[in-house]
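Take 6 as the starting number for the sequence shown in the numbering used here and just add one per residue.
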Amino acid sequence: MKRSLRRRAFTLIEIMIVVAIIGVIMTMSVPSIVRSLRKEGMRKAVSDLTEACNAARAAAIISSKTSDMVIRPKDRTVTGGSFSGGFPEEVSIQILGVNFIELQDADEARVHFYPNGTSDEFTIILQSTEMEVRKITLEVVTGLSDVEVIR
Numbered sequence: 006m007k008r009s010l011r012r013r014a015f016t017l018i019e020i021m022i023v024v025a026i027i028g029v030i031m032t033m034s035v036p037s038i039v040r041s042l043r044k045e046g047m048r049k050a051v052s053d054l055t056e057a058c059n060a061a062r063a064a065a066i067i068s069s070k071t072s073d074m075v076i077r078p079k080d081r082t083v084t085g086g087s088f089s090g091g092f093p094e095e096v097s098i099q100i101l102g103v104n105f106i107e108l109q110d111a112d113e114a115r116v117h118f119y120p121n122g123t124s125d126e127f128t129i130i131l132q133s134t135e136m137e138v139r140k141i142t143l144e145v146v147t148g149l150s151d152v153e154v155i156r
């Protein structure tokens, strides 16, 4: 009773084919992955605005002092806490309201965040050149931002 001790393994050709297939898949997917990671347009505007809100809220809670998020519509900038960002050229501010006062034409709009985690009432509607519309509001009781896709 003699058993065959023949080993099974992958040949060099099989390994090269698998590596080639992986290379083709990577070549096709890398550009879309890079595009999704890079923030542009509406995505950058929404991200910067929510990050400024979160930074200002965190600064107020940590320091036990009122902190502000400041939006300058004419300069297209937003700051809050230690965060500073801006709005891309392809995104415009349609409505900017703080405590039910419209400020989209003002030099600056200030949203106060308080040490207990609450905030002023805040609503902003952004529109891109591709007709994307986002409405960002603050939950007054928690000071947390909420993003709503309108179109």
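Don't be surprised by glycine CBs; every beta carbon is placed ideally from N, CA and C.
Beta-carbon proximity list for residue i, same chain, < 6 Å, skipping 5 on both sides
i, result
"S97", "Q132"
Distance between residue j and residue i (C-alpha atoms, nearest Å)
i, j, result
"F118", "S34", "42 Å"
"I18", "V24", "10 Å"
"L143", "R115", "13 Å"
"V51", "M31", "30 Å"
"D125", "V75", "12 Å"
"R62", "K140", "19 Å"
"E94", "S69", "36 Å"
"T82", "F15", "58 Å"
"D80", "G28", "45 Å"
"L54", "I26", "41 Å"
"E137", "F127", "20 Å"
Beta-bridge partners of residue i, as assigned by DSSP
i, result
"T82", "R77, G91"
"L131", "I98, R139"
"L149", "E144"
"S124", "F118"
"I20", "Looking at the DSSP assignment, I20 forms no beta bridge with any residue, so it has no partner."
"S34", "Looking at the DSSP assignment, S34 forms no beta bridge with any residue, so it has no partner."
"I106", "V103"
"V154", "R139"
The beta strand (DSSP E) enclosing residue i, as first and last residue numbers
i, result
"R48", "Note, R48: premise wrong, no beta strand (DSSP E); alpha helix (DSSP H) at 46–68."
"A114", "114–118"
Residues of its chain near residue i, where Cβ-Cβ distance is below 7 Å and the 5 sequence neighbours each way are ignored
i, result
"L108", "L101, G102, A114"
"A65", "T71, S72, F118, Y119, P120"
- Message: Does the structure place the stretch 136–149 close enough to the stretch 81–89 that three or more beta carbon pairs sit under 8 Å?
- Response: Judged by Cβ distances under 8 Å, the stretch 81–89 makes no contact with the stretch 136–149, as fewer than three pairs qualify.
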